[in-house]
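Novice: Dropping the structure in here first, questions after.
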Amino acid sequence: MFANMTHALDFHAKALVLRAERQRVIASNIANADTPGYAGRDINFKDAMAAATGAGASTLPLSTSAPSSGATHRNHIALQAATASMGASGLAYTSQTQPSMDGNSVDMDRERANFVDNSVRYEATLRFINGQSKTILSAIQGQ
Amino acid sequence: MSMFSIFNVSGSAVSAQSQRLNVVASNLANADAVAGPDGQGYKSRQVVFETVPMGSDASSGVRVNAIRESTEPLKRVHNPSHPSADADGYVTQSNVNPVEEMVNMISASRSYQNNVEVMNTAKTLLLKTLQMGQ
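The listed protein sequences correspond, in order, to chains A and S.
Take the first sequence: its position 79, counted from the start at 1, is 79 in this note's numbering, and no numbers get skipped.
Take the second sequence: its position 13, counted from the start at 1, is 13 in this note's numbering, and no numbers get skipped.
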């Protein structure tokens, strides 16, 4: 019965870990913004979350019939490059938006936007956890 | 805690950028330096960055791999009255291009600021995580 109570908390805990991971990846991109030949990396949060929660068992409809390569229709042909660049760790490589001579694929504007977006979502997840733990505590105390 | 490694990653970047800023400072300081009696003037220097893996697959820091000297020819200015002028009246000066160095300086300073901001955000998030459940 207690497992039922903390089930939703478990989901947010996994999301928090993934958000922290993504924050670290974006920090690496920003650190290497001037390194020649560096290929920026990023996490596909949707896929990573589906993998962490075990696709079918998630409380949200994370896995749809669409393939994971960004296609929105079942008749779309899966992109070889998009699927092949995903490593075993769930990390993908970013592409160059404005090609540069040194081969660096970090777009500083995109990385900053991603960084801020990710930190806001991290805080949101934290608030969900805080709110839910408060709810459980007040249920336990019965006051 | 995986977020603690952000401080290592951004810290390495901040230190690499400050080394770049140091090199720019010495280039600018020697912009008008005149070659010594051996004819070897100051040659402009540039840092070369390199990615360095930090622990896991996801985090990669940066370090200065090498400091290279520019291969451009030294500047020769016609100034016969200068004490260091050669037989033809030319003075050999460093090959530093001050405009390039100023651009380099601004770029290094912006990158430095970006990484400091990343560290500040990571600190705020970690502090909020510590207060979880209170």
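We put the beta carbon where it would ideally sit given N, CA and C, even for glycine.
For A:G40, which residues from the same chain have a beta carbon less than 6 Å from its beta carbon, with the 5 sequence-adjacent residues on both sides left out?
Specialist: Closer than 6 Å at the Cβ level, and outside the excluded window around A:G40, lie N29, T94, S105 and V106.
Novice: Alpha carbon to alpha carbon, how far is S:R63 from S:Q17?
Specialist: Those two C-alpha atoms are separated by around 9 Å.
Novice: Can you give me the Cβ contacts of A:A33 inside the same chain, cut-off strictly under 6 Å, excluding the 5 residues immediately before and after it?
Specialist: Excluding residues within five positions, the ones whose Cβ falls inside 6 Å are V106 and M108.
Novice: Can you pull the DSSP bridge partners for S:S60?
Specialist: S:S60 is bridged to S:P53.
Novice: So for A:A20, helix, strand or coil by DSSP?
Specialist: Helix at A:A20.
Novice: Going by DSSP, what residue range makes up the beta strand (DSSP E) through A:V120?
Specialist: That residue, A:V120, is in no beta strand (DSSP E); its alpha helix (DSSP H) goes M108 to Q141.
Novice: Between A:P36 and chain S, is there a C-beta pair that is closer than 8 Å?
Specialist: So, interface residue.
Novice: Under 8 Å by Cβ, that's how I've got S:A122 and A:A3 pegged, so tell me the actual separation to the nearest angstrom.
Specialist: Wrong, their Cβ atoms sit about 33 Å apart, outside the cutoff.
Novice: According to DSSP, is A:A82 helix, strand or coil?
Specialist: Any reading at A:A82 needs caution, since the residue's pLDDT is 43, under 50, leaving its predicted position unreliable; the model's value is listed next. Helix, per DSSP.
Novice: State yes or no: is the C-beta of A:T97 within less than 8 Å of the C-beta of S:T51?
Specialist: It is not a contact, given that the beta carbons lie outside the stated cut-off.
Novice: Is it true that the region 122 to 135 of chain A meets the region 91 to 105 of chain S, where meeting means three or more beta-carbon pairs spaced less than 8 Å apart?
Specialist: The region 122 to 135 of chain A, when compared against the region 91 to 105 of chain S, does not touch it at the 8 Å Cβ threshold.
Novice: Which residues bound the beta strand (DSSP E) around A:K46?
Specialist: Careful: A:K46 lies outside any beta strand (DSSP E), inside the alpha helix (DSSP H) at F45 to T53.
Novice: With a CB to CB cut of under 7 Å and the five nearest residues on each side skipped, what residues in its chain are close to S:N8?
Specialist: Same-chain partners within the cutoff: M54 and G61.
Novice: In whole angstroms, what is the alpha-carbon distance linking S:I106 and A:D102?
Specialist: Approximately 19 Å, taken between the alpha carbons.
Novice: Ordered along the chain, which non-local residues of its own chain (more than five positions away) have a Cβ less than 8 Å from that of A:L62?
Specialist: Because the pLDDT at A:L62 is just 38, under 50, the model does not fix this residue reliably, and the value given afterwards should be weighed accordingly. Closer than 8 Å at Cβ, skipping near neighbours: K46, M49, A50, T53 and A55.
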